[in-house]
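Asker: Take the sequence shown: its position 217, counted from the start at 1, is 217 in my numbering, and no numbers get skipped.
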Amino acid sequence: MTPDERTLKVFGRELRRLRVEAELTQEAVARRTSLHGTTISNSHVSDIEKGKAVPRPWLRRALDEILQGGGRLERLWEELTGSGRRAWLHEVAERTHRADALYEYQALVFPVYLQTEAYSRAVIRYGAPWLSANELAERAQQRARRAQQMAKALSPIIWLVVDQSLLMRRYGSAEVQLRQLEYVADLVDQERINLLIVPVDEPRHAGNNGPFRVITSADQPEVVYVESAHQGQIITATNEVGRYRMWFAALQGVAWGPDRTLRALQDEMKRINGD
1 MTPDERTLKV FGRELRRLRV EAELTQEAVA RRTSLHGTTI SNSHVSDIEK
51 GKAVPRPWLR RALDEILQGG GRLERLWEEL TGSGRRAWLH EVAERTHRAD
101 ALYEYQALVF PVYLQTEAYS RAVIRYGAPW LSANELAERA QQRARRAQQM
151 AKALSPIIWL VVDQSLLMRR YGSAEVQLRQ LEYVADLVDQ ERINLLIVPV
201 DEPRHAGNNG PFRVITSADQ PEVVYVESAH QGQIITATNE VGRYRMWFAA
251 LQGVAWGPDR TLRALQDEMK RINGD
């Protein structure tokens, strides 16, 4: 997978730290690296340290040996780019909006790219109460802008499965939830999203693995974004991605059909209105 800018900068900073500790110049590192069989320039070492160049596998191994890193550079690279690594939020957002198709399961909240500003504000406020009023407003507005962009875009195709209990939650207030459900129902009516609901009394529930998003792109390998209480992870291993695909299919299999799902949305809106 092509590493992003932040990954390269983190790796570059660690390379520079090890080089300074070893009391070597970039020119000295380039010269010693060239003794391993492939000539490189000191400007290439500089570009790697600045996060402007991708360190190839052979070069990472050579640098580890020259700087006596004890495998530190290889381990760091795996942490930054391997399957199960921490997901940078900007990376997830970019991959999501540039994808050809999304397959997502949620049990507690609607995906960020489908949230109204008021819904986002309520979710963020109670999930991160330490944020200032300005930070809260900025994050909610940013989510809302992205949601609006997603609603107007022709892609990605969105396949979403949610737990029925999500409809019953009242983040912020009943009014906030009502507007959120109306927004989602409208997108379903427009066929912008494909939504299915898994009933709460369904015993064959594959959602106990938690929320996840399978991101499919024509020009990149398929990946999975997995959410947890403290951070998100990017899964890239083919066999693991396949498991999430299987879980998503299992959730689709026990969910209500599109018509029953839309009626459930409408029934919940009527319940909020007291009808």
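Idealized CB from N, CA, C, for every residue including glycine.
Give a yes or no on whether the C-beta atoms belonging to residue 235 and residue 91 are separated by under 9 Å.
Answerer: Translated into positions along the sequence shown, residue 235 becomes position 235. Translated into positions along the sequence shown, residue 91 becomes position 91. Cβ atoms of residue 235 and residue 91: not closer than 9 Å.
Asker: According to DSSP, simplified to helix, strand and coil, what is residue 210?
Answerer: Stepping through the sequence shown from its first residue, residue 210 is reached at position 210. Reduced to three states, the DSSP call for residue 210 is coil.
Asker: Which whole runs of the alpha helix (DSSP H) in the region 86 to 159 are 4 residues long or more, in chain order?
Answerer: For the region 86 to 159, whole alpha helix (DSSP H) runs of length 4 or above, ordered along the chain, are 89 to 98, 117 to 127 and 133 to 152.
Asker: Would you say residue 115 touches the ligand PLP, meaning its beta carbon is less than 8 Å from a heavy atom?
Answerer: Inclusion of the ligand PLP in the displayed structure is not the case, the ligand content being empty and no account of it being possible.
Asker: Who are the near neighbours of residue 125 in its chain, counting only those whose CB is closer than 7 Å to its CB and skipping five residues on each side?
Answerer: Within the sequence shown, residue 125 is the residue found at index 125, counting from 1. Around residue 125: 136.
Asker: How about the region 263 to 274 and the region 160 to 174: do they share at least three Cβ pairs that are nearer than 8 Å?
Answerer: The answer is yes - the region 160 to 174 touches the region 263 to 274, with three or more Cβ pairs under 8 Å.
Asker: Based on the DSSP output, what are the partners of residue 66 in its beta bridges?
Answerer: Numbered from 1 along the sequence shown, position 66 holds the residue referred to as residue 66. Answer is none; residue 66 lacks a bridge partner.
Asker: Note down, in chain order, each residue of its chain lying with its Cβ closer than 6 Å to the Cβ of residue 109, except the 5 sequence neighbours on either side.
Answerer: Here residue 109 refers to the residue found at position 109 when the sequence shown is read from its first residue. Excluding sequence neighbours, residue 109 sits near 123.
Asker: Which same chain residues end up closer than 6 Å to residue 159 when comparing Cβ atoms and leaving out the 5 residues on each side of it in sequence?
Answerer: If you number the sequence shown from 1, residue 159 lands on position 159. Within the same chain, residue 159 has close Cβ partners 103 and 194.
Asker: What would DSSP say about residue 175, mapped onto helix, strand or coil?
Answerer: Against the sequence shown, residue 175 aligns to sequence position 175. Helix, per DSSP.
Asker: Please identify the residue among 38, 28, 37 and 35 whose C-alpha is closest to the C-alpha of residue 46.
Answerer: Position 46 of the sequence shown, counted from the first residue, corresponds to residue 46. With distances taken between Cα atoms, residue 46 lies closest to 28.
Asker: Count Cβ pairs between the region 59 to 67 and the region 197 to 206 that sit closer than 8 Å; are there 3 or more?
Answerer: No, the region 59 to 67 does not touch the region 197 to 206.
Asker: Between the Cα of residue 257 and the Cα atoms of 196, 218, 246 and 223, which residue gives the shortest distance?
Answerer: Here the question's residue 257 lines up with position 257 in the sequence shown. Of the candidates 196, 218, 246 and 223, the one whose C-alpha sits nearest the C-alpha of residue 257 is 196.
Asker: Alpha carbons only, please: which of 184, 198, 185 and 215 is nearest the one belonging to residue 208?
Answerer: Within the sequence shown, residue 208 is the residue found at index 208, counting from 1. It is 198.
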